[in-house]
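Undergrad: Protein chains in written order, with full-length UniProt numbering: chain W, 1 to 515; chain D, 1 to 333.
Using N, Cα and C, we set each Cβ at its ideal position, and we do this for glycine too.
The structure presented is a predicted model; accordingly, all values stated were derived computationally and were not measured.
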Ligand SMILES: [Fe+2]
Ligand SMILES: [Fe+2]
Ligand SMILES: [Zn+2]
């Protein structure tokens, strides 16, 4: 062995403290120790080329993270003690938290499990260590979110059974199937899906909206959590970029595989984010920016620069990016209109925007809002006080891949619903778009397995055939408390009393006429 | 000035989440409870794993152990993430003081070459065992089907990485941060006859499928013999070899092991006590693995403390397992 007498630099020292603890096995075959590394077809010729995306030894990790946790929990304690929920902008805001706790927090837990697994799967020890650190970080997020929302749960409805709902409720199968899809994939696809496509490319479109939404609406608990998680996320993002560059540099045969994954996970992420778009445009009493603006900054600009950078590896921007870019002016309105109609089957409340809010939407969406959406919303707003709050009692057709009802419209004609279907092995399958249909065609064996909530209700697998039984018994949504219109809801009344106002009896009667 | 008194709405409408209330009643819950129970997805998974078509996601059948409720396995330390890192931050602070003290006075660099070599041959190669433990616990964290169980394993995984790093730093102190001592020590791990049974054992654990069997072998049987042997008995022996300063640098491991017994014992008690079938299965695994662990450590004991020390730790393990209605080959002293 060469005689070394120079002090190790930081990079080499970190390698000695991580990957050098690994060794070439000789008593067991490497393929048996790492059986999942090759079936996806990704070729790794030299793991030593892996660049550690960050250098954090465990002692430093414990120290930094403990400091962050100490500050975070001090704020949580103060928030609960001072009844911080009374200082938010308006109780409608809490509905964004309900969506977050049931839709996003369970994904943090799934991420913990997924990273723990890939943190074992790779034969490159440097990559394993980075993944394990993300695993424990994601456990952190899952738990601190429970703690951040704990006080809200004591004072508002709809936050009381998040994990149970995540496994069952119709719209929560959108985020759940997204993560199930990633976790059932091989380790390289998992990282391409979550570390790269989600954490690196799209994360700003999830966390910035929720966290600045919290800041604009006086929610100290969630803001503090968001800031505290930021340095974790920074590490996760560097892992995402490193992983993609590493795979692409290892072998040219990897390029088409990665391109297919990028296409798939961009589209799946984009569809998932329509829930966030609706939250931003409709559920925040104090608005941060419009969904279209967020998409322009965080995807069109930042994502554009990223894919320019990846061009040298032979990677092009995701397929159907043009469709997604065009849809930024539509998806949030289409999603809110849907949730408004199905507000009897959600754990959060829905409502029609007030006049100044409608004006804000008109101004932010000059091309589309007045033309396609405002008239319908104004009509619904008029119907409600007449005792005809609109609820749709038919069950929607879900997309086989993204599991969102087929509510989106064609790129070139916003008056036509986008709908695709194919027959596979004698069965007909429905999709919201070419993007989702293509994903199915690549892996039909996978997507035929989807647990589609509407099918499951029809098949009698949800404790009842009628919506009311499913919603109350199977979903654990407390009817008349968690669901229906916001105006007149128990949350609304409680908020009025917090603010020392009388609740208007005429308004509060109106939630009764839901089917 | 008038004071407006609000009588309303400060009263909570519920004390905790529904899934916590179903277990413990609707009363104020601890942070540990809200962070640990029923968070993991249980049902209605969408697709089967491409990497294991025989099982689903979060599939309880990834181990042959059957529990009526895996959440019956809980952590007596009540560690959720915040409590865990808070505790380890304190432990690492103490370790840092010791490492700083040794480094400043060059206590290891001044040891006789023969003693240094003993450290590199007998102690530092354990960093590789730690990495194996790290991998095995990461697997268990990914496969376990209750957050109470999964989280203990990811903490354990990260702890083992940390311990491997502390062991590595001992060598870096010896070689003045050039890495030569780590290279030398790794050579013993790879080629020295002393380590080959242990390296084979670790590699054998890396191909195990059943995560609970793996946790038993790693966290109860291997650690149960190795930690008392190395960090108690061999620590004393090293002191007699003029390497008593090293003891400061392994204090973390001693404290850590004492603490880890709390959760591994609680886990064993809950699992073995849940059914006779579980107990029998655990017994089969112990019968198979305990002698292998013993044999793997024998050369290390022979080269340092003598085999009697290993026999003593073996008897301790046997006494410990007895409490769960399980037998191993150790003879109680
Ligand atoms: Fe996270
Ligand atoms: Fe993350
Ligand atoms: Zn779709």
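State yes or no: is the beta carbon of residue 104/D nearer than 8 Å to at least one beta carbon in chain W?
TA: no
Undergrad: On the premise that residue 27/W lies in contact with residue 203/D, defined as a C-beta separation below 8 Å, what is that separation, rounded to the nearest angstrom?
TA: Indeed, because the Cβ distance is near 4 Å, the residues count as touching under 8 Å.
Undergrad: Just confirm the distance between the C-beta atoms of residue 228/W and residue 72/W, as a whole number of angstroms; I'd bet it's less than 8 Å.
TA: 5 Å
Undergrad: Enumerate, from N- to C-terminal direction, the unbroken alpha helix (DSSP H) stretches of 4 or more residues contained entirely within the stretch 222 to 305 of chain W.
TA: 254 to 272, 274 to 278, 291 to 294
Undergrad: Hey, could you find the ends of the beta strand (DSSP E) residue 288/D is sitting in?
TA: Unbroken run through residue 288/D is the alpha helix (DSSP H), 276 to 303; no beta strand (DSSP E).
Undergrad: Please state if the CB of residue 130/D and the CB of residue 164/D are separated by a distance shorter than 8 Å.
TA: Contact: yes.
Undergrad: Could you tell me if the beta carbon of residue 233/W falls within a distance shorter than 7 Å of some heavy atom in ligand 2?
TA: yes
Undergrad: Which same chain residues end up closer than 8 Å to residue 409/W when comparing Cβ atoms and leaving out the 5 residues on each side of it in sequence?
TA: Beyond the five residues adjoining it in sequence on each side, residue 409/W comes within less than 8 Å, by CB distance, of 330, 334, 415, 416, 417, 418 in the same chain, given in chain order.
Undergrad: Using the DSSP secondary-structure output, state which residues sit across from residue 429/W in a beta bridge.
TA: 422/W
Undergrad: So residue 288/W contacts chain D; which residues on that side make the cut at Cβ distance below 8 Å?
TA: Below the 8 Å Cβ cutoff, chain D contributes no neighbours of residue 288/W, its closest Cβ being approximately 27 Å away.
Undergrad: Can you have a look at residue 100/W and say buried or exposed, based on whether 16 or more other CB atoms are within 10 angstroms of its CB?
TA: The Cβ neighbour count for residue 100/W, taken over all protein chains shown within 10 Å, is at least 16; the residue is labelled buried.
Undergrad: Between the stretch 57 to 72 of chain D and the stretch 137 to 147 of chain D, do at least 3 Cβ pairs fall closer than 8 Å?
TA: yes
Undergrad: Could you list which residues in chain D have their beta carbon closer than 9 Å to that of residue 275/W, in chain order?
TA: Within chain D, no residue comes near residue 275/W; the closest Cβ sits about 17 Å away, beyond 9 Å.
Undergrad: Buried or exposed: which applies to residue 39/W, given that a residue is buried once 16 or more other Cβ atoms fall within 10 Å of its Cβ?
TA: It counts as exposed.
Undergrad: For my contact list, residue 271/W and residue 402/W are in at a C-beta cut-off of 8 Å; report their separation, rounded to the angstrom.
TA: 4 Å
Undergrad: For a contact meaning CB atoms closer than 7 Å, what does residue 110/W contact in chain D?
TA: Under the 7 Å cutoff, chain D gives 41.
Undergrad: So with Cβ pairs under 8 Å, would you call residue 2/D a contact of chain W?
TA: Caution applies to residue 2/D, whose pLDDT of 43 falls short of 50 and renders its modelled position unreliable; the value that the coordinates give is listed next. No, no contact with chain W.
Undergrad: Could you name the residues, in chain order, whose CB is less than 5 Å away from a heavy atom belonging to ligand 5?
TA: Annotation note on ligand 5: not contained in the displayed structure, which lists ligand 1, ligand 2 and ligand 3 as its ligands.
Undergrad: Give me whichever residues DSSP pairs with residue 405/W in a beta bridge.
TA: 398/W
Undergrad: Report yes if the C-beta distance between residue 276/W and residue 206/W is below 8 Å; otherwise report no.
TA: yes
Undergrad: Any beta carbon of chain D sitting closer than 8 Å to that of residue 405/W?
TA: no
Undergrad: What does DSSP give as the partner residues of residue 204/D in its beta bridges?
TA: According to DSSP, which records beta bridges pairwise, residue 204/D is partnered with nothing at all.
Undergrad: Buried or exposed for residue 453/W, please, with buried defined as at least 16 other CB atoms from any protein chain shown within 10 angstroms of its CB.
TA: buried
Undergrad: Just jot down, in chain order, the residues whose CB lies closer than 6 Å to any heavy atom of ligand 3.
TA: 271/W, 399/W, 401/W, 402/W, 404/W, 431/W, 432/W, 433/W, 436/W
Undergrad: Let's test the definition: count the other Cβ atoms within 10 Å of the Cβ of residue 212/W and tell me whether it reaches 16, buried, or not, exposed.
TA: buried
Undergrad: Taking the alpha-carbon of residue 299/D as reference, which of 198/D, 228/D, 279/D, 273/D has the nearest alpha-carbon?
TA: Out of 198/D, 228/D, 279/D, 273/D, 198/D has the C-alpha closest to the C-alpha of residue 299/D.
Undergrad: Taking 8 Å as the CB-CB cut-off, is residue 19/D touching chain W?
TA: yes
Undergrad: Specify the secondary structure class of residue 144/W as computed by DSSP and reduced to three states.
TA: Looking at residue 144/W - three-state DSSP - the assignment turns out to be helix.
Undergrad: Do you know offhand how far residue 206/D's Cα is from residue 98/D's?
TA: 33 Å
Undergrad: Please compile the residues from chain D whose C-beta is within a distance smaller than 9 Å of the C-beta of residue 150/W.
TA: 16, 17, 29, 31, 34
Undergrad: Comparing the CB of residue 236/W with every heavy atom of ligand 2, is any distance shorter than 7 Å?
TA: yes
Undergrad: On a CA-only basis, which of 149/W, 391/W, 57/W is nearest residue 75/W? Give me that one, please.
TA: 149/W
Undergrad: Between residue 260/D and chain W, is any beta-carbon pair separated by less than 8 Å?
TA: no
Undergrad: State the Cα-Cα distance for the pair residue 423/W and residue 438/W, rounded to the nearest angstrom.
TA: Straight-line Cα distance between these residues: approximately 13 Å.
Undergrad: Assuming residue 49/D is part of the beta strand (DSSP E), what are its boundary residues?
TA: Per DSSP, residue 49/D belongs to no beta strand (DSSP E) and is neither H nor E.
Undergrad: Nearest to residue 239/W by CA position, among 117/W, 221/W, 192/W, 273/W, is which residue?
TA: 192/W
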